[in-house]
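The structure appears below as structure tokens.
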Amino acid sequence: MSKLTKEQLLKLKFLQSSLDDTIEELQYSSRSLEYALEVIYKFLTESLEISGLFVQTMDESLKTEVYSFGRCSVDSSTMLEYTKDLHKSKKFIMGRLSLFFQPVDMAGNTIGYIALAYNDENVPETEFGFEILNCVSEILDNYFFSIHLSSVKHRLFIDIQLALKNTSLLLAIDDAIALIRPYAPHKKIFIVFTDKELTNRETIHYIYYEDGIR
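Residues in the sequence shown are numbered from 144 upward in steps of one, following the numbering used here.
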């Protein structure tokens, strides 16, 4: 980034701040990911004069989906071809369209891709184009992670509720601990509870797990 001009650095700073604000508003409104990306595309069109946005990521149901806007929506299959064996940022030329691609990573794993498209008359210098893409990608990565985390928590909550319906309390807790363990690894866990509602007595019980085994 040291080769960028002062004007370019200020533009990146403004982009980061404005996009952060836009996404924060979207999070408060609890809109769908598709709606949010459409709003983000319009914002990027106005602020960067991009001609298209391509995003491949996990949706609210943790399914991999493709979202294309503007010029990127003309041929999504071609856009997907560019993602094959793509492990770092790369620029592609498709006719009079310049495409800046970058993998979307989460917890060290690639879960999708993002691309910004520019017409010839608006395409930034290559280095600056990648800095813009990286700025947008980092902010969207955090947004995607929040969606992913919320979905995982919701699914885990539902699964635990179902597990605790087991008529055997010990087996119900065993199942709940087994569900939690992959998401919250632990060596030992100690559970203390009373069964006053069942016996009308203040009897204290405890269950001890080590490495997931009671």
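The C-beta atom is built at its ideal place from N, Cα and C for all residues, glycine as well.
Computed from a predicted structure; not experimentally measured.
Using a 10 Å radius around the Cβ and a threshold of 16 neighbouring Cβ atoms, would you call residue i buried or exposed?
i           : result
residue 154 : buried
residue 197 : buried
residue 251 : exposed
residue 217 : exposed
residue 305 : exposed
residue 176 : buried
residue 157 : exposed
residue 150 : exposed
residue 270 : exposed
residue 274 : buried
residue 370 : Not covered by the structure: residue 370. The range shown for the chain is 144 to 357.
For residue i, which residues in the same chain have their Cβ closer than 8 Å to its Cβ, ignoring the five residues on either side in sequence?
i           : result
residue 204 : 294
residue 165 : 182, 183 and 186
residue 248 : 254 and 284
residue 317 : 357
residue 346 : 337, 338 and 339
residue 223 : 199 and 209
Compare the C-alpha of residue i against each of the options and name the closest.
i           : options               : result
residue 212 : 224, 179, 234 and 230 : 179
residue 349 : 355, 329 and 313      : 313
residue 335 : 209, 236, 351 and 325 : 351
residue 174 : 285, 356, 290 and 344 : 290
residue 319 : 325, 307 and 327      : 307
residue 355 : 263, 224, 327 and 310 : 327
residue 229 : 288, 245 and 220      : 245
residue 301 : 310, 323 and 317      : 323
residue 265 : 223, 337, 195 and 278 : 195
residue 303 : 191, 315 and 311      : 315
residue 148 : 268, 286 and 292      : 268
residue 200 : 280, 270 and 343      : 280
residue 263 : 286, 210, 237 and 151 : 237
residue 188 : 214, 206, 310 and 210 : 214
Should residue i be counted as a contact of the ligand NAP given a C-beta to heavy atom distance under 6 Å?
i           : result
residue 257 : Inclusion of the ligand NAP in the displayed structure is not the case, the ligand content being empty and no account of it being possible.
Report the CB separation of residue i from residue j in whole angstroms; it is logged as a contact under 8 Å.
i           : j           : result
residue 261 : residue 226 : Incorrect: roughly 18 Å between the Cβ atoms, too far for contact.
residue 234 : residue 242 : 7 Å
Which same chain residues end up closer than 7 Å to residue i when comparing Cβ atoms and leaving out the 5 residues on each side of it in sequence?
i           : result
residue 282 : 159, 162, 163 and 166
residue 169 : 179 and 182
residue 288 : 249
residue 219 : 209 and 211
Report all residues from its chain with a CB closer than 6 Å to the CB of residue i; omit the five preceding and five following residues, and keep chain order.
i           : result
residue 372 : With the chain covering only 144 through 357, there is no way to say anything about residue 372.
residue 309 : 315
residue 353 : 331
As an exercise, report each continuous alpha helix (DSSP H) stretch of at least 4 residues that is fully enclosed by the stretch 178 to 254, in chain order. Segments of the alpha helix (DSSP H) lying fully in the stretch 178 to 254: 219 to 225.
Ordered list of beta strand (DSSP E) runs contained in the stretch 293 to 348, each at least 3 residues: As summarised for the stretch 293 to 348, the continuous beta strand (DSSP E) elements at least 3 residues long and confined to that stretch are 331 to 337, given in chain order.
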